[in-house]
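Novice:
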Amino acid sequence: MRTVKSFTTVAVALALALGSAGIAAAQSHDHDSHGAGAIEITLNDGAKWQGDQNMITGMTAIHGTMAANLDAIHNGTLPADAANGVAADIQKQVDFMVENCVLEPEVDEQFHIVLGEVMTGISALEAGEVETGAVTIVQALNAYGEHFEHPGWQMID
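Per UniProt numbering, the sequence shown starts with residue 1, numbered consecutively.
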């Protein structure tokens with residue numbers, strides 16, 4: 001049963017990554033310019049997209065994980081095992097959101113762009129590319145905040 005779930009998670013991750021591969025711009029290695037890359041998400045006729053509680057719960061948890069580790073990431077003091085822990089925590093939230101997705105197709109399409117970028121960041125963290133992974137995830141979180149309704153959402157600098 002674990003193998004089937006792992007295969008499903010990998011298949012979803014691959015689909016998300018391939019779907020957003022041409023959308024993301026090159027990521028910056030500059031700590032001070034989290035906005036250097038661009039994620040192309042459209043608004044809903046000029047308004048933010050309305051998600052669901054599962055999306056809000058998962059994205060809040062990912063935001064919290066990144067915010068809690070940002071100083072160590074910026075200072076270059078986040079150990080590799082801690083970076084893997086951050087990646088695992090974020091992956092759990094992505095899995096939760098994918099498994100419980102009930103978004104309307106148009107919202108889902110836009111949200112998958114964000115999740116694809118988060119998955120790219122997770123892969124970088126797991127590969128030991130902490131700064132690159134963190135920047136990718138922060139950019140995805142900020143793009144999410146600009147395009148989706150999420151009460152109390154705060155951008156990460």
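Every residue gets a Cβ at the ideal spot worked out from N, C-alpha and C, and that includes glycine.
In terms of alpha-carbon separation, which member of Asn84, Met66, Gln154 and Ile62 lies closest to Asp95?
Specialist: Ile62
Novice: One question on the structure: do Leu103 and Asp52 come within less than 9 Å of each other, judged by their Cβ atoms?
Specialist: Yes, they are a contact pair.
Novice: In the DSSP assignment, find the unbroken alpha helix (DSSP H) run with Asn142 in it and report its ends.
Specialist: Val130 to His147
Novice: Kindly indicate which residue of Asn84, Leu78 and Asp108 has the alpha-carbon position closest to the one of Asn54.
Specialist: Asp108
Novice: Would Val98 and Ala140 qualify as a contact pair, given that the criterion is a beta-carbon distance under 9 Å?
Specialist: no
Novice: Whose C-alpha, out of His150, Ser123, Asp81 and Val130, is nearest the C-alpha of Asn75?
Specialist: Val130
Novice: By the 10 Å Cβ neighbour count, where 16 or more other Cβ atoms means buried, how is Ala80 classified, buried or exposed?
Specialist: exposed
Novice: Name, in chain order, the residues that DSSP records as bridge partners for Ala124.
Specialist: For Ala124, which the question treats as bridged, DSSP gives no partner whatsoever.
Novice: For the candidate residues Gly128, Gly152, Phe111 and Gly58, whose alpha-carbon lies nearest to that of Gly44?
Specialist: Just to set this straight, residue 44 is Asn in the shown sequence, not Gly. Checked all of Gly128, Gly152, Phe111 and Gly58; the closest Cα to Asn44 is Phe111.
Novice: Taking the alpha-carbon positions, what's the Thr132 to Pro105 distance?
Specialist: Distance between the alpha carbons of Thr132 and Pro105 is about 30 Å.
Novice: Would a C-beta distance cut-off of 9 Å place Ala134 and Met66 closer than the cut-off?
Specialist: Going by beta carbons, Ala134 and Met66 fall inside the 9 Å limit.
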